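Peer 1:
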Amino acid sequence: MNFPDFWNSRDADTHKGDYGHALLVAGSYGRMGCAVLAARACMRSGVGLLTVHVPEKGLNPLQCAVPEAMTSIDYDGLLFSNQPTNLAKYNALAVGPGIGTADRTFLALRTLLTDWGERPLVLDADALNLIALHPADLLPILDANTVLTPHDREYERMFGDMPTEEASRKYGIVVVRKGHHSKVYAPDGRRHENTTGNPGMATAGSGDVLTGIILALMAQGLPSYEAACLGTYIHGKAGDIAAQKQSQASLMASDIVENIAFVK
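Per our numbering, the sequence shown starts with residue 18, numbered consecutively.
#1: Which same chain residues end up closer than 8 Å to Arg121 when comparing Cβ atoms and leaving out the 5 residues on each side of it in sequence?
#2: Per DSSP, what are the beta-bridge partners of Met87 in this structure?
#3: DSSP on Leu268, reduced to helix/strand/coil?
#4: Take Thr68 and list the residues in its own chain whose beta-carbon comes closer than 8 Å to its own, dropping the five residues that flank it on each side.
#5: According to the neighbour-count rule (16 or more other Cβ atoms, all chains shown, within 10 Å of its Cβ), is Asp28 buried or exposed?
#6: When the Cα of Ile277 is compared with those of Ser267, Gly214 and Ala236, which residue comes out closest?
#7: What does DSSP give as the partner residues of Leu41 in its beta bridges?
#8: Report the rounded CA-to-CA distance for Cys81 versus Pro137, giving the unit in angstroms.
#9: Please list the segments of the beta strand (DSSP E) lying wholly inside the region 124–190, counting only runs of 3 or more residues, in order along the chain.
#10: Any idea what DSSP makes of Lys106, helix, strand or coil?
#11: In the DSSP assignment, the alpha helix (DSSP H) including His252 goes from what residue to what residue?
#12: Count Cβ pairs between the region 209–225 and the region 51–64 that sit closer than 8 Å; are there 3 or more?
#13: Mind checking Asn77: buried by the 16 CB within 10 Å criterion, or exposed?
#14: Identify whether Arg208 lies in helix, strand or coil by the three-state DSSP scheme.
#15: Please confirm if Met49 has its CB atom under 7 Å from at least one CB of chain C.
#16: Whose CA, out of Thr131, Ala109, Ala149 and Thr128, lies closest to the CA of Thr118?
#17: Whole angstroms is fine: what's the gap from Thr131's alpha carbon to Leu104's?
#18: Return the residue from the list Asp30, Ala270 and Ala245 that minimises the CA-CA distance to Gly217.
#19: If contact is defined by three or more beta carbon pairs under 8 Å, each pair taking one atom from either stretch, is the region 165–175 in contact with the region 203–212?
#20: Under the assumption that Ser185 contacts Val192 (Cβ atoms under 8 Å), give the Cβ distance between them as a whole number of angstroms.
#21: With a CB to CB cut of under 6 Å and the five nearest residues on each side skipped, what residues in its chain are close to Ala43?
#22: In whole angstroms, what separates the C-alpha of Asp35 from that of Tyr242?
#23: Report all residues from its chain with a CB closer than 6 Å to the CB of Pro204; omit the five preceding and five following residues, and keep chain order.
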């Protein structure tokens, strides 16, 4: 994969349909910021179309903050408990930021993952917490098209002290182990260590931004491992650019989003 060609070059005769349609399931009452950050990061990362499945009470905040995104409404009102429709029209799916861990959210997630099948998928945040709570129900559904993006505590809740290489191989999934120099593991044994990023990125919402970036790359056709490797690079580099403009201590997740455009 040639990063400059993929990231900076587009054919003159092109349209938004050439760059994928992503589906993001995120947010719950009081936690719509997670959905906004992931959605804005996805749009900034080149996806052609984005639909965000949100609780009914989150519709107005989402559409005001990300007018470029379309919406799918969950009529529960407060949280994710109903399946998005017409899944076949989407090229990639991300689930997790801010969805909570209610029982009806778990049931909706299990149904969604089953119906989604072996297609590009990113799971983060509360989707990982639900895996930790219901591993026997959710882990067997996943496959090599799936990317998990846990920080250390999320990983330990899911897999205990199992080495990351072993978890990736055992469950046939790509794992992004977030941290200083995040590491990406593929089930076939490939491993990549990212070299971008800084301590200022250890802030609320940073992981939601990474989810949106990887979702956009997968929707544009990158395989799961390559999307995870490139996504961690873009995420970290945008954070580095933001920190150079201000400071690590003042860095916010929204600053990372705004500097994706300057990654070369």
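Every residue, glycine too, gets a C-beta built ideally from N, C-alpha and C. All figures in this text were calculated on a predicted structure; none of them were measured in a lab.
Peer 2: Let me lay it out:
#1: Asp93, Leu96 and Ser98
#2: Thr68
#3: coil
#4: His38, Ala39, Leu40, Leu41, Ala86, Met87, Thr88, Ser89, Pro101 and Tyr107
#5: exposed
#6: Gly214
#7: Val69 and Ala111
#8: 28 Å
#9: 138–140 and 163–165
#10: helix
#11: Ser241 to Lys262
#12: yes
#13: exposed
#14: strand
#15: Looking at the structure shown, chain C is missing, and only one protein chain is on hand.
#16: Ala149
#17: 11 Å
#18: Ala270
#19: no
#20: 5 Å
#21: Cys51, Ala52, Ala55, Pro114 and Gly115
#22: 21 Å
#23: Ala161, Ser185, Arg186 and Gly189
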